[in-house]
Structures are given as C-alpha cells and as structure tokens.
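First comes the structure, then the notes that go with it.
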Amino acid sequence: MPSPASRSPPLLLLVPFLLLLLFSAASAWKKDEFRNCNQTPFCKRARGRKAHSVPSLSTADISISDGAVVARLLPSQPLRQATDGDDPESDTVPPRPLLLRISVYQGGVLRLHIDEDASAPRRRFQVPDVLLPDLDDRRLWLSRLSSPAAGSSSFYLAEGFEAVLVHDPFQIQVRRKGSGEPVLSFNSHGLFDFEQLRAKKNDDEDWEERFRGHTDTRPHGPQSISFDISFHGADFVYGIPEHASTSLALRPTSGPGVEFSEPYRLFNLDVFEYLDDSPFGLYGSIPFMLSHGARSSSGFFWLNAAEMQIDVLGPGWDDPAAPAKDRIDTVWMSEAGVVDAFFFVGHEPKDVLRQYTGITGTPAMPQEFAVAYHQCRWNYRDEEDVAAVDAGFDEHDIPYDVLWLDIEHTDGKRYFTWDRVLFPNPQEMQGKLAAKGRHMVTIVDPHIKRDDSFYIHKEASERGYYVKDASGKDFDGWCWPGSSSYLDVLNPEIREWWAEKFSFENYVGSTPSLYIWNDMNEPSVFNGPEISMPRDAIHFGDVEHRELHNAYGYYFHMATSNGLLKRGNGKDRPFVLSRAFFAGSQRYGAVWTGDNTADWDHLRASVPMILTLGLTGMTFSGADVGGFFGNPEPELLVRWYQLGAYYPFFRAHAHQDTKRREPWLFGERNTALIREAVHVRYSLLPYYYTLFREASVSGIPVMRPLWLEFPADKETYNNGEAFMVGPSLLVQGIYEERQKSVSVYLPAGQSWYNLRNGVSYAGGVSHKLEVSEDSIPTFQRAGTIIPRKDRFRRSSTQMVNDPYTLVIALNGSFAAEGELYVDDGKTYDFEQGAYIHRRFIFADLKLTSVNIHPANLGGKFPSDCVIERIVLLGLPSGAKKAVIEPGNREANVELGPLTLRGGSSPDAITVRKPNVHIADDWTLRIL
Amino acid sequence: MGAFLRISLTISCLSLFWISASASIPSRESLGIAPQDLSYYKSDVIKCKDGSKKFTKEQLNDEFCDCPDGTDEPGTSACPQGKFYCPNAGHIPLTVFSSRVNDGICDCCDGSDEYNGNVNCPNTCWEAGKVAREKLQKKIATFQMGVTVRRQEVEKAKQAFAQDKAELSKLKSEEKILKEHVQKLKEQKERIEKAEEEERKKREEEQRKKREAERKANEAKKAFEESSHDNSDHASEILSELPNQDAMEDHHDSAIEEKSDYTAETEILDSWAVGKVANDHDDTIAKSGDETDDTSEESSFSHVEKQHLVGDQEGTMPEANTGDYTRSKEAPSSHVVEEGQVSDNTEGLSREELGRLVASRWTGENAAEEEDGVNTVKEERHEHDENIPEENHDGYNSDSDEDHNFDDDDLEDDPDMEFGDHGEPAGTYSYNGDDKTDYSDLTASGSLSWLDKIQQTVSNVLQAINIFKSPVNISEADAVRKNYDDSSSKLSKIQSRISSLNEKLKHDFGKDKEFYSFYDHCFESKQNKYVYKVCPFKKASQVEGHSTTQLGYWDKFEESYRVMLFSNGDRCWNGPDRSLKVRLRCGLKDELLDVDEPSRCEYAAILSTPVLCVEEKLKELQEKLKDANANRPSVNDEL
C-alpha cells in the first residue's frame, strides 16, 4: 500500500477546488460570473483617480452658433505630460480637440454634448430614437453670452436659473440667478476624462479583454468616458435603476466610512436569483439620477447605452477633513459613446420628473384591463389548465383580467407558434376568456431558434436581419430554443419587419384580445459573457454591441409595441411587458423587476425598486407577486398580494418548479385574504386609471415616494417602506413574518384617515400601529377625494357601467379635492377629446363636480355612470340630507360602511344614492 | 325592461308562483331570493342576516347596498358579498355571486341574472335540464349496477379477509411446531458436525504425524547425501520471504502515518465539510459503519471526507446551512458538480455545453440532456379533464354549494364519462412485487399435510441416527442435514408468509374491508410514452421504457376513502418529493383513467371502481333526480 503522503499534493489541490464548488452551490447568485469594477478596465482606471488628477481641459473658441454654445476643449497646458501613472492605456500623444456644444430647452433643461471632431478614426455611437422627436422644436435660441467673471461665460437657462461655463479648467455649473447658488456642476472635481479613439500604436499592444473564457476583441481600443457631477443642496440622490435595494436613496459606494462597495452598475443582465440588496446591474438601465434636499431638487441624465458605472461618493471623499454639506458628488463612467447629458433644475421634485419625461417621453396610457390584476405562471400548461385556472377565479369570486402563457406554450420555443398538442385551439381558448372580458398575454423573446423550417428564422437569416459576431457571421448564441440568433433591432427596417409579425394574419392563433410579453431582451445569451451578448458583436451601421447594449431591449420592446399598434390599425393601445428597459421605455409599455425570490427581503426590496422605476419614467412597473423563485409561505403570499395590489403593474408569477399558488390553494382564510387584496385593487381602478392619465400627461408616477408629495418633510426622504399612490393614498408594507405592530410615519401638514378603521391620525408623526392579517396599513390624506367602484365583477371589463363611490377625506377646513378621468379604456380616441375629466371640489359643505376637459379639444365620451355613494370622512355629525343641483333633488345622509368588503368596516357619514352622473356638472350640498 | 319590471311588481303576489318561459323576471321584492327564503323578506323592516342593521322594504333590491352581507340586495350587484338565486325553471335552481348580476354575461340558464337589457340571454334551461337529467339518470343507472357489484365485492373481500386471518393463525401455530423441530434438528446437526469435526481433527493429526515422520526420514537422507552443499535452497527461501516482512512493517508504519495525516486533513476539511454534507448525505450514512477500520486502498480523499462528515452530522451542522442542505440533498451529487463547473470551470466547456448549463439553472433539467428535455416535460402532461379538481363538487346541489356557479359541464362525477380524451387504461393485474414468493407448497393440500410429513421424517431421522457412533454414518448425517435445511427453509417460508400477511392485514381497508382486493392489484394506464402503475397499499410509479420513477409509496386514504395518497416518491430536482393522489369514483370496472401532474412533481389520477358505488350516494342522486323532475316547468315551458 503506497504511503498516503505521496497522495497529499493532488488531494490538497483538490480541496480549494471543491471548496469553491460547494460555496458556489450554496449561494445561488453567481457573483463570479459577472464582472466587477476591478475586472472592468475602464472602471478600474476611472475609479482609481483622485479629484483633480486628470489632466485638465480648457475651452477655446467659445461662441454661439445656431442658438447653442459651442467651444473646443483642449489640454490646459499644451504637451503636458500625463500624470495618470496608473493608466496603462493613456496616450501621451497630444489629444485632438473635443467639440463641446451646450443647448437649452424649454422648461429648464440644459444639454451638454461632447464628442470627438471629424478627424477621429471612427464615429462614436449616439443613441438614436430615445429623445422625443419634437425635442428640437423646444430648443431655446441662445443669443447672448455674458461674462460674469473673468474666465467664465454664462447664459440663460430658465426663469431664475443660469448656466456658467468656466474656461480653464473647463467646468459647467448650473446655478440660481442672483444668489449664484449652484444646483448642478460638471467636472468641478476635475475627473472628466475622454479616451479618444486612435489607431493601434504597434501590433503588440493588446486591446483584447478576456473574461471567463470569453474574449472581447475590442477592435477599436479603449474609448471610455468619465466625469464627476455634483448635486448641490441635496440630502439624497435617487434613481439609476435597475438595482435591487432595500433603500430608496442611493447609498454612497465610496468615500469615508463606506465599506468596500462596487459602484452602481448599469449593464442589462439576466441575473439568476439576484440578491435583494446589491449595486450590481440587473435587467434594465436608466442613466438618470435625481437629487432632493430641503432647498433644491435637480436631475442629471446621460444618454449613453454602453456599460456604465456610477459612484455615489460619501461626504469627505475628496477631503476627509472638510466633508461637504448639502452636496452629493457622483462619478459617472462609461465604456464608450459620447457625452450627451441633460441637466434638470427643478425647483420641485415633480418639476424634475416633468423635465426628464419632457425629453424621453411620458408613460404611454395603458388600456384599462392592463391596470387590473394579471395571473401568470411558468407555465399554464395547456388549454385545460387555462380553463381550470380561469374557472377557479370565477368559482372563488376573485376578479382577474389577464391570463399569461410563458415559453412552454410555443412549439419548441419558436415564438409566434403554438404547441399543437397542448394548445390545439388557441383562438377558441382566447375567445372563451374574451367572452368574460378577459385577455391573454403570450411571450415573445428576441432570440430566434436557428431552425430553417421556422419561418422567422428563415426570413431573418435570408435578409441578414441578425446581429453579427465579431467575424461578421450571424451571431449564434444559446437560449431557450438552443442555438439562436438575435434580431438586430437597432435597424429601423428590421423593427418594421418585426412589427409586421404581430398582425393577426402573421401570428397564427392570435386574436384581438392577445397581448405580448418580451422577456430575455437584455439580451440573455446563456453561453455568452455574463450571460449576454459579446461586446464585439456588430449591429446595424457597424455599431458595436458594447455601444448599445443597454438599449437593445428598448428597441425590441419598441418594435413589439409598434407591432401591436399596427395590428390594431393604430386604434388599439398596445400592451407589452418587457424585462429589459432603457430611458424612454415608458413610451412602449410596462416592465417588471424580473426573477425575484419568494422571501421577505425581496418583498421589501420591491418597493424601493418600483419607486425608483417610477422616478425614472417607468411608472408602469411591478414585481412578481409571490416571488418567482421558491415557494412562499401562505403568510408571505398574502402579504405580497396586499402590497402588490398597490403596485402600478399587478401580476402574480411563479417559476415552473414551484408549487401551484393560485389564490385559492391555501385554505379558505387565505383565499379570503387574497380576494380582499385583489378587490382593493379593483375598487381603486378608477383612481389608478386617473393616475395613469396624470402620468401620461406629466410624467409623475402612479406610485410615488413620500417626498415627491411632501418635498419639505425631511423625514420622508429615505422612506422606502411606505409610498404614496397618487397624491391621496399612503401605503405601508408589512415585510416581516408574524409582525404584530408597525411604525408608520405619516407626513406632516395634514391628518390621515386609516382606511381600515376610519380613524384620523396626525401628520408629521410616527405612529405605532397594530398589524392585522387582513390588510396592510393604508391611509387617505385629509383634503383628498378618491373615486372608487365598489362592485366586483369577473374582470374590469364588466365594471364599465358600474356606479362610483366617492370617498372624501376632509382636512382641517373641511375641504377636499380629487379628480376622475374616464375614457373608453382601449383606443386613442381620448387624443381627440373622447374622455371625461372631472375635478371634485368639496368646500363649505358643498361638493362640486367641475369639468377640466379642455373645451377647445372638443370630443366627448358618453357615459351613463352615476355616483351611487359618497362617503365623508371628518365631517362633524349632524348632516341630515343632501340637496343636489340642478334639479333640487334630495338624497339621504346616513351612517354607512367605509368599505363594503370584509365584515368589520367602520361607519362613516354616507350620502345614499345621490345618483349624479359623472359626465355632468352638478353640486351637492350637505344640510 | 323597466316597464316589464313595473308590470311584474303589480302582480308580485302571483309572481311567486308564476314562471315565464323566456326572461322570467320576478318582482323586485323577490328578485334573486330563493323560495325558502321569501318569508324572511316579508316584514316591513327587515334585518340584515348578519344582524348588523335593519332596512325597509323599499330598500330591498334598490341598487344600494345597506347590509354589508348583502341581505338587502339579493337581486342586484350592489353588495359585493351578495348571492343571487336563479329559479332556472326546467333545470335546477342555482345561486350565483351577485357580481354576476347584470354584468353582460349569461350565468343562469333562465337568463334571470341579466335583466337590465344590456344583453339578451335566451332561456336554455329546458335543453340543459334535459341533458343534465339524462346524465343524472345515466349516472344513477351506473350506480345501481355498481351498488350490486360492490356488494359482491365487499362479500368477497370479507371472505378473503377472513381466509387470510384464518391462514395467519394456522401458520402461526405451524410455525411454533416447526420451530421446535428445527431446533431439534439443529442440535442434532450440530452434534453430528461436532463429531465430524473431531473425526476430521483426529484424521489430520494422524496424517500430520505421518508426514512428519516421512520428512524426518527424508531430511536425514538428504543431509547425508549433500552435506558439502550450502543450504542454498533454504537461504533463498528465507530471502524471498524478507520483502514480505518489510511490507508488513511498512504497512504498519503507514497506517500510523496515515492516521496523523488524516487528522490534519480533517481539520482542513472542517471548514467546508458542512457544505459537502449536502451531496453525500446518503453515502455518508451508508458508509459510516465500516469506515473506522477501512485501511484499504480506497482509503482516499473521499473516505476521509465522508468520515469527517459523520462527525459533523452528529450535531455541529450550523443552522445557516440547513436550507441548502435540504435543497441539495435531492440533487444528485453529479449535478452539484456541474453547477460548480458553471461558476468555476466553464472555460473547458463547449459553447453549447455552457448554454445548456446556464439554461438548466432555470429549468432544472440535466444540462447534458438532449434538447428534447423540454419535450419530456411536455409529454408528461396530457389533456386532463377540467372536472377533476371539482370531483367533489356537485353543481346542482344548490343547498350545499351555494357559491357554485351554474355550469352545464358540471356533472363531473358522472361515472360514464367518455374516456376518449384520456390515456387508455391499460387494465389491472395482480401485484407482482419483489417480495412475492411462491407459497404454493405451504398451501398445497394432500392426504398428508406437509407439516405431518415433516414431523414424521424428523422423528424418523432422529430415531435412526446414533450420534455417538463413530465414525459418523455419512448418509445418516446427510439425511439430518437435508432435513434441517428443508425444515428451516420451510420455516423461513412460513415466517415470511406470516410477515407478509401481517403486513397486509395491518392496513385499513375501509369500513367494509371493501378495498381488500386492491391489496394484490395494480392498475395501469398508458399515456403517451409513459405507463403509470398504481399498486394500492404499496406504491405508484411512472415507467418509461426501462426507467422507472417512483411517484410515491402508499401513505393513506384521504377524504373518507375517496382519495388514495402515495407520498415520498423520488425527489424532484429543485422540487418536492414526488407524490400521487388517486381520486376514486364509482364505475363498473376498475380502471385507472387519467394521470396528470397539476403541480410540479405532484401527480393526480382518477381510478374508477365499483367500490365507490355506495348506496347512500345512489339515494342522494335519486333524490336529486326527483327534485330535478319536480322543478320541471309547467307545460307552456315546453312550447
């Protein structure tokens, strides 16, 4: 027998290998599959720099041209030696000048554009089709530069704001006129660096990058851009989705007191079992950051679709001895592209959102059914399963509007096809749902199965519609169908072609009640670097994938949405849910937060994630109710329904390995609790729909952080546990198992009515409340009116003619206001004025319905709907009756339940059957 | 319609009994109210049923919800918790949620739920009622026959049960007798063997002495012949033995060395062994017994690792890992290795392998599997009957199922359901488990029972042999041995039969022992490429070609003998242990009709059997038919 000693070496070698293996099996998130900043050369370089360590640039030839400020950027000290010693790729050859152009748009938006001049070896990519096409029409024509001080030029930005261009070192500042108080500044810490394109110096210079067996040929070498942005007067910064976090405000990623952290990464990735709290990038990217403080709100947006890394620097990062107050510094780094950046100056946070959505677009107005409840699972297996689930909802009197089919409904993951065994009669199946006013959604992903008998593949490959790999062949990656290619949706022609595929004629088995789900559009490539497409893949116009990666899903979403629009001859509003997104995706549909997990922390993280999406334009968003991976305990599932009922996009979804979790599978009590949660959403549909209208006009999200409504209340600035639905409703989630009580902060300025017990609570205080299993705490803000529909139907479709309930929460002066928006819920006729828009004003014991439909628009939406009940909270007792004008009709006033659902609703003063029409002007006096 | 309503108000007293063929709209005061409930609404001030408040007659069905429980709005949609009663003349009355009232969808076959004129619901009660009654009649016919079959079956089962019981007690007494005989024979045999052994030793001793003598004689002769030679032969003999001795010492040393090394490694492994428990849990337990003295060649890394794990399992496993522990326990260790490769060693993989591996995280499929892994899943499913989950439900029993929606397809537990959509039932057969042994010789009857025969032979043998006779008579000894072998094998057969009877009889076979015959039966159903085998009281499996997946082992009856539960089957990757629920229903033959997987790795099947054709249910059905006929509309309905 050989001595064991002779075996030891291989054994010892084996141990660490197995060690790794075991730990990676234990933690599902495969951290080492994704690059961190240190493994990403441009990030590592930029992150290593200290303030003012980059060779500075100065402006030359500043002038006004074509109504914009233009200048050239040159090194401050000609031929100065690069001091950036840690930068192996820095070039000592004097750089060519950069071209700077600053333009100003209506509403307080400044745009900064910096690119190389025409002598560059290659044109750098500028992301097309994201900015609104009419943006140019809203540009202000600058005519004059002033010189407030030596070495700087200033110009008008907006009422009360001006912009200052500091010449050397080059710096831009947006500030308040008069006080000179800064709002935003660019390069005030001298971290602006622009790696210009150049030819390879010699052949042994290695531009390739390798990561886990993948090689990025990087044929054009390093071309990154980085700079610092300071938000003045800011207590917190927010935005730049998508990251999973339990904090609403962005935590510092660098600086004193910050333990090691990665920067926030913006790189669209399909992350298996993502963590609930991490700065790593997820499915979508919106490079838009907002700041808010007691004195100021501002925003910054960098239109760039390459990988981006953003550091939020903790106070004292530049000078630990003198940490800056009221200012948050950030560093933005991107692998490629140009500087095309927008500065938004506020004043109020809602102004910043209006400014941002003013350039990237407001959210599309959804169809009404899409605002209701969606039932999804990977997978509803066959037509019988669909019928059984549909029947289950009816049997348990739980409304739902949309049933979803995941990838298994297709014939071998060939999208636009049906598994003919499982779904032999798709049209009939959809017809049965449609007969109950319900809709269906099928999944269509961007990877196309490489199968010559599949017509999509055949056409796409013949026409050369696929993304090419670095060698010029059709890129071939692995996804659900196996070997797949990816449509080059950057090309408008290909998008048009794709859109045609959704016609009823082309999409065999589709019907008008069928809508679409785009998944995997990061794009997800199972065998690609970081489960995505190689960066050196080639798109239309010789654009490298690295340059547009973050917008790939956006173009796919756009093409699909346009397909549905075409399908309905431009009359039917599309519904397309996408997983990947970019700035502007709000114009094309909804998104959700991807493959979350059935645990309490993911429930908690869903709120900051959705709030952040709302702040960055994507208000139509939600998280999978119940959690995608894993099996939720019934209590978690119930809590998730109770919270999810307030998400703008309300859908339950589950992984195929999980146990069935249709709402009625957890015993009578839980079924009742879930039914109640869903009913809450259905009763609030008129309110939600009105909020979606507001979002589509102003960009203000449906689900809002408290500080958006209470910008002066500092207590609210980092509250990610509670949120506002519109201006009137505050919701506090319950995120712990068997939680007995919860502390709820109610913002200052108004009192609040607990919608469960009708009790009024003071604002500006944290209240410790008992938690019951039947609901999560919700409050109506005093001074608001919420329209509801309290009759429950199978789906929202049957609620169209149902009467309304108004819930009026009176403030200290017995006044309240609220709005109701109604249209056909389906078409674009509202654009021609076919809608009802009322403002309800209660004052001096008189409720008035005021028409706020602009008279000049014309159009009319007919409705026979009446208000069957008015509930008044906070009215002193003694009211006897109500008198309605015109007509001098009387209605009874009595005590009635605050809600008709559940057994134990408190009574409140109720006007019984006023039966006034929502389309009409009227007043109702309480006597 | 409004006018109509007003008219019917004027004749409200009549309308209680007046039923119209088409849109039969009762008065506002009786709209949506079940006849047996009408008296509740008689008074001028009516209480909400939940006692919360009162309302006036004017408030009844006035489209405004006064009672949160819906008492005041039985005929409108105003109360979310209300219920609406449709008379459904010509068919069976139905109670629907009041959310169905005037929602534009026809729910009651008489159309009474849609009276606001937005939609015209034709009265389909007569046709539907006819169909339903026919179905009901058919079902009753099946039950009637089934009840007879069941009676016979129960009789048979009782007999078989009694027989088995009797056999058991008989076997037990036989076992006792036989045990004694075997004991005697054993003693006899041992004595013989002892004697033989002594004889053998004696013989050997003699032979040894004889050889010794010969050797000595030879040596003396050799020494004399080769006295000038080296003892070279002898020397080389010694030399050749030397290495062996070295090896012995080496072995000894290395054992010590190994031991110390081993401890060191144990410490190294300490930090991660916990994680490893996951994969090798089963192995560990299996091997823990023989590890300490395992010094063989196989004493390699894995041995050390496993041994260490035993210790860990005894109580030091940190909490934090228990989640993963259960989770990866199910995963074959090979899979974990694959996963590990993904995160650690993907560079060696082809692009396709990598793609499959990553995909498998979501799907849980073996990455090495062919592309049609997806199809496997697909084919597992098949068209299942939507009625299955509702088996218990009886849509027409409006007393107990008020909530239930009226639905024409609802006669779900119709035993004559067409089987066209289902996999073919491949029939039943008797159970052929692994433990099946041939007991025919135990039960064979002849003029002389086998036990008597044995008894006779044994006493013959015992008498015939003189054990003290030496040398032992070989043929006699053989006879003893043979007898012993025969008897003890017989005994073990009896014992195994006893234990299998005990095993059988311990089960719960139902109130009338009606499931007794199921014990030795299996039911099969072929669906696509799978054959499902259900062996009650034993196990259920899914067979595909040569591979068998256990769907579960017998657990119990549920829902008062209407469901057979098999649980703890093969574990699913990333899922639960497989399990199967077999729902039983009345049918004239034993047939496994349908196997489905409604939830991941949780299977469901239907077994039709006369055993479920119980008389009470038959009476219930007959009662129902009577009601249905009684509810037949007057003559004008048939016009």
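Residue numbers (the UniProt record's numbering), protein chains in the order written: chain E, 1 to 927; chain H, 1 to 639. Cβ coordinates follow ideal geometry from the N, Cα and C atoms, glycine included.
At a cut-off of 8 angstroms, the C-beta of R793 (chain E) has a neighbouring C-beta in chain H. Residues Y380, L403, M429 of the same chain have their beta carbon placed closer than 7 angstroms to that of V386 (chain E), with the five preceding and five following residues left out of the count. Closest in alpha carbon position to D844 (chain E), among E:I870, E:I926, E:G896, E:F861, is E:I926. The Cβ-Cβ distance between F723 (chain E) and L755 (chain E) does not fall below 8 angstroms.
CA-CA distance, H853 (chain E) to T95 (chain H), rounds to 43 angstroms. Counting along the chain, no beta strand (DSSP E) covers K619 (chain H); the unbroken alpha helix (DSSP H) around it starts and ends at 615–630.
Put simply, the CB of Q642 (chain E) is far from chain H, with every gap to its CB atoms at 8 angstroms or more. Of the candidates E:I870, E:F792, E:W640, E:F502, the residue whose Cα lies closest to the Cα of G818 (chain E) is E:I870. Pairing D72 (chain H) with S52 (chain H), the inter-Cα distance amounts to about 12 angstroms.
I177 (chain H) counts as exposed, since fewer than 16 other C-beta atoms from the protein chains shown sit within 10 angstroms of its C-beta. A residue is called buried when at least 16 other Cβ atoms come within 10 angstroms of its Cβ; Y429 (chain H) does not meet this threshold and is exposed. By the 16-neighbour rule on beta-carbons within 10 angstroms, P512 (chain E) is exposed.
For K50 (chain E), the closest alpha carbon among the candidates E:P523, E:A372, E:V331, E:A68 is that of E:V331.
By the criterion of a C-beta distance shorter than 7 angstroms, E885 (chain E) is surrounded in its chain by W922, T923, once the five residues flanking it on both sides are discounted. Less than 8 angstroms separates the beta-carbon of L607 (chain H) from that of L593 (chain H). For N670 (chain E), the enclosing alpha helix (DSSP H) has its first and last residue at 667–683. For Q656 (chain E), the chain H residues whose Cβ falls inside 7 angstroms of its Cβ are R600, in order along the chain. Contacts with chain E at 8 angstroms (Cβ-Cβ) include L354 (chain H). Not a single CB atom of chain H sits nearer than 8 angstroms to the CB of P648 (chain E). Proximity to L275 (chain E) across E:S224, E:S606, E:T910 peaks at E:S606, based on C-alpha coordinates. With its beta carbon less than 8 angstroms from one in chain H, N527 (chain E) belongs to the interface.
For the set E:T597, E:V389, E:W302, E:M308, the Cα lying nearest the Cα of A28 (chain E) is the one of E:T597.
DSSP places D920 (chain E) in no alpha helix (DSSP H); its state is neither H nor E.
Q527 (chain H) carries a strand assignment under DSSP once its states are collapsed to helix, strand and coil.
When the five nearest sequence neighbours on each side are left out, no beta carbon in the same chain lies closer than 7 angstroms to the beta carbon of P35 (chain H). At a C-beta separation below 8 angstroms, E868 (chain E) has these neighbours in chain H: E63, F64, A78. For K47 (chain H), the three-state secondary structure derived from DSSP is strand. With a cutoff of 8 angstroms on beta-carbon distance, Y515 (chain E) and V576 (chain E) are scored as near each other. One finds F526, N527, I531 in chain E with Cβ atoms closer than 7 angstroms to the Cβ of V358 (chain H), taken in chain order. For V358 (chain H), the uninterrupted alpha helix (DSSP H) run begins and ends at 351–363, by DSSP. For L551 (chain H) against F566 (chain H), the beta-carbon gap comes to about 6 angstroms, under 8 angstroms, which counts as contact. Contacts between R912 (chain E) and chain H, judged by CB atoms closer than 7 angstroms, involve F64 in chain order. At a cut-off of 8 angstroms, the C-beta of F566 (chain H) has no neighbouring C-beta in chain E.
Put simply, the CB of G104 (chain H) is near chain E, with a gap under 8 angstroms to one of its CB atoms. Close to F272 (chain E), with beta-carbon spacing below 9 angstroms, are these residues of chain H in chain order: V358, R361, W362. When the five nearest sequence neighbours on each side are left out, the beta carbons in the same chain lying within less than 7 angstroms of the beta carbon of G257 (chain E) are those of G314, in order along the chain.
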